[in-house]
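Read the structure below first, then the notes.
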Amino acid sequence: MSRLILDSSNAPEPGQILWRSPSNIALVKYWGKYGIQLPRNPSLSLTLAASCTDTQLEYEMRNGPDDGQIELDFFFHEEENEAFRSKVLDFLTGLLPTMPFLKQLKLTVHTGNSFPHSAGIASSASAMSALALCLCSLEDRFFGTLQDPNAFDQKASQLARLGSGSACRSIFPHAAIWGATAQVPGSSDDYAVPMSEHIHDTFKDFQDDILIVSREEKSVSSRAGHALMEGNPYAEPRYAQARNRLSSLIDIMRAGDLPAFGKIVEDEALTLHALMMCSNPAYTLMRPGSLAIIEKVRQYRADTGHQLYFTLDAGPNVHLLYPGELVVDVRKFIEDHLEEHCEDGFVQQDWVGEGPEEI
Ligand code: DP6
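The sequence shown begins at 10 in the working numbering and counts up by one.
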């Protein structure tokens with residue numbers, strides 16, 4: 010592979026790149042990793058639309074001798090943020106062996122989310138995918154190496170994975186699978202692959218209303234949670250179960266069988282939280298409000314027959330998944346019965362989206 014180094018006698022003009030990238034919600038969960046951000050089991054997610062991160066990457070050629078360092082300024086919602094800067098700097102430094110041109114530049118990142126920072130919605134998927142997309146655009150602008158859209162997406166997904174595992178799935182519209190599985194040719198542990206063409210249209214018009222039960226920072230981060238899977242006595246059966254569920258879910262989503270879909274999705278959410286309760290030390294991220302919502306969703310389904318299902322990420326907030334045609338009924342149910350369990354009544358309305366866009 011040719012080394013990606015800029016010719017300083019022919020330095021590029023200063024410029025900027027801006028990407029908007031969404032979050033995603035896992036249906037079969039990634040929980041447990043090894044090596045350099047490699048998943049213990051394949052996962053499948055829906056790509057969201059409203060919960061996204063805008064990231065602008067400004068660049069100019071650096072003056073002075075190469076000191077092997079990356080020069081980076083970082084602004085989150087227009088304010089300097091040292092914690093985020095240092096995280097991004099570590100990530101970029103890790104990329105230097107394949108993207109050595111990064112240290113030839115002065116980089117300024119301006120980033121911000123479409124949702125309130127305090128909303129308790131994990132933003133690493135949207136943030137790391139937006140940054141990865143900016144880096145791929147930068148590489149392509151300088152070297153023309155990512156002209157093929159599939160190669161571009163694959164590299165963006167791979168870079169996003171290195172930043173945060175779940176971020177690699179945000180690159181694609183509607184749905185994506187991350188992790189090698191025999192059922193999906195081309196699937197890989199290194200990057201996610203698009204699933205949009207393999208799912209029933211009903212899932213492309215799906216809502217995901219996120220009930221914010223608590224805005225508090227999680228007591229155990231995802232990173233720590235993944236690490237605790239290494240000592241979890243249920244880890245191996247869990248990984249086998251995830252593979253089986255993924256395999257069933259692929260067929261179910263192709264066929265558009267909503268009750269079968271809902272069963273697997275809810276079982277996955279409860280398994281994720283059960284694994285936390287079986288870790289050493291044990292911990293719980295669900296709150297009483299999360300459980301109250303789950304009970305009410307089950308009752309609502311029994312009463313109305315409506316295809317409304319819940320899932321959770323590694324936190325207390327509950328995602329409600331349902332077909333778009335139910336939006337009026339479900340929003341009324343949320344307002345009348347579920348908002349009372351949300352902090353300040355906050356609900357982030359989201360839906361399945363078309364993936365990232367360059368702005
Ligand atoms: C429960 O992708 O946040 O949301 O790779 O350490 O950044 P890191 O973890 P992260 O883990 C996400 C876990 C999950 C399930 C999922 O999205 O698949």
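For each residue, glycine too, the CB sits at the ideal point set by N, CA and C.
Buried or exposed by the 16-neighbour rule on C-beta atoms within 10 Å, applied to residue i
| i | result |
| --- | --- |
| T62 | buried |
| V222 | buried |
| L47 | exposed |
| V218 | The sequence given here has Asp at residue 218, not Val. It counts as buried. |
| M295 | buried |
| P203 | buried |
| M108 | buried |
| Y39 | buried |
| D99 | exposed |
| P74 | exposed |
| Y309 | buried |
| P194 | exposed |
| A249 | exposed |
| I208 | buried |
| G153 | exposed |
| D157 | exposed |
Identified DSSP bridge partners for residue i
| i | result |
| --- | --- |
| K115 | E69 and E80 |
| G121 | D63 |
| F85 | E88 and T120 |
| D377 | With the chain running from 10 to 368 in the structure shown, residue 377 is simply not present. |
| F319 | L329 |
| T56 | N33 |
| A191 | Answer by DSSP bridge pairing: none, since A191 is not bridged. |
| L258 | Answer by DSSP bridge pairing: none, since L258 is not bridged. |
| E304 | Answer is none; E304 lacks a bridge partner. |
| W28 | T64 and E367 |
| Y43 | L47 |
Residue closest to residue i, alpha-carbon to alpha-carbon, out of the options
| i | options | result |
| --- | --- | --- |
| D359 | Y331, L140, L347 and E366 | Y331 |
| Q216 | Q357, I45, Y43 and N50 | Q357 |
| L255 | E245, E344 and F270 | F270 |
| S18 | M70, S52 and L66 | M70 |
| L116 | K96, N90, T280 and I79 | I79 |
| K272 | L317, D198 and L144 | L317 |
| L281 | D266, T102, A184 and L36 | L36 |
| A3 | N72, L267 and L98 | There is simply no residue 3 to check, as the chain begins at 10 and stops at 368 in what is shown. |
| D210 | E89, D75, A264 and L98 | A264 |
| P125 | A236, E225 and A249 | E225 |
| K213 | Y243, G324, E277 and G333 | G333 |
| H119 | C143, H86 and I130 | H86 |
| H315 | P268, G324 and G298 | P268 |
| P381 | H183, A233 and E148 | The structure shown does not extend to residue 381, since the chain is modelled only from 10 through 368, so no value can be given for it. |
| R12 | G103, E148 and T64 | E148 |
| E206 | A249, E363 and L27 | E363 |
| A58 | F181, I26 and L66 | F181 |
| D93 | H235, E67 and G121 | The amino acid at residue 93 is misidentified as Asp; the sequence shows Phe. The candidate whose alpha carbon is nearest that of F93 is G121. |
| P290 | A236, R247 and E245 | A236 |
| L66 | E91, Q25, Y43 and G44 | Q25 |
| L27 | T102, G44, I208 and C143 | C143 |
| L101 | D157, S173, G153 and P158 | S173 |
| P365 | G44, T64, I45 and Y43 | T64 |
Close Cβ partners of residue i (< 8 Å) along its chain, the five nearest in sequence each way excluded
| i | result |
| --- | --- |
| A176 | S133, A134, S135, A136, M137, S138, A141, A169 and R170 |
| E89 | D82 and F83 |
| C351 | L220, I221, V222 and G298 |
Own chain partners of residue i with C-beta closer than 6 Å, once the 5 adjacent residues on each side are dropped
| i | result |
| --- | --- |
| V229 | Y292 |
| I259 | Q192 |
| S145 | The sequence given here has Cys at residue 145, not Ser. Contacts found: L155, F161, K164 and A165. |
| P23 | E69 |
| S196 | I186, A189, T190 and V202 |
| Q167 | D199 and Y200 |
| E277 | V37 and K38 |
| R178 | N33, S54, A185, W187 and A201 |
| F414 | Since the first residue of the chain shown is 10 and the last is 368, residue 414 is not available in this structure. |
For residue j and residue i, believed in contact at Cβ under 8 Å, the rounded distance
| i | j | result |
| --- | --- | --- |
| E367 | T320 | With a Cβ gap of about 30 Å, E367 and T320 do not count as contacting. |
| A251 | N50 | 4 Å |
| V361 | T56 | 6 Å |
| I186 | L53 | 5 Å |
| L105 | K96 | Rounded, the Cβ-Cβ distance is 16 Å, inconsistent with contact. |
| G41 | M238 | 4 Å |
| L329 | V339 | 7 Å |
Sequence-distant residues of its chain with Cβ nearer than 7 Å to residue i (five each side left out)
| i | result |
| --- | --- |
| N241 | L284, C287 and S288 |
| F151 | L15, P21 and F110 |
| S60 | P31, S32, S123, F124, I130, S135, Q357 and D359 |
| S347 | The sequence given here has Leu at residue 347, not Ser. Once the five neighbours on either side are set aside, the close Cβ partners of L347 are L220, I302 and K305. |
| L257 | Note on residue identity: the sequence assigns Ser, not Leu, to residue 257. Hits under 7 Å: I273. |
Residue i beta carbon near the ligand SAM (any heavy atom closer than 7 Å)
| i | result |
| --- | --- |
| L47 | The ligand SAM is not among the ligands present in this structure, which contains only the ligand DP6. |
Short CB-CB distance (under 8 Å) between residue i and chain C
| i | result |
| --- | --- |
| G265 | Protein chains in the displayed structure number just one, and chain C is not present. |
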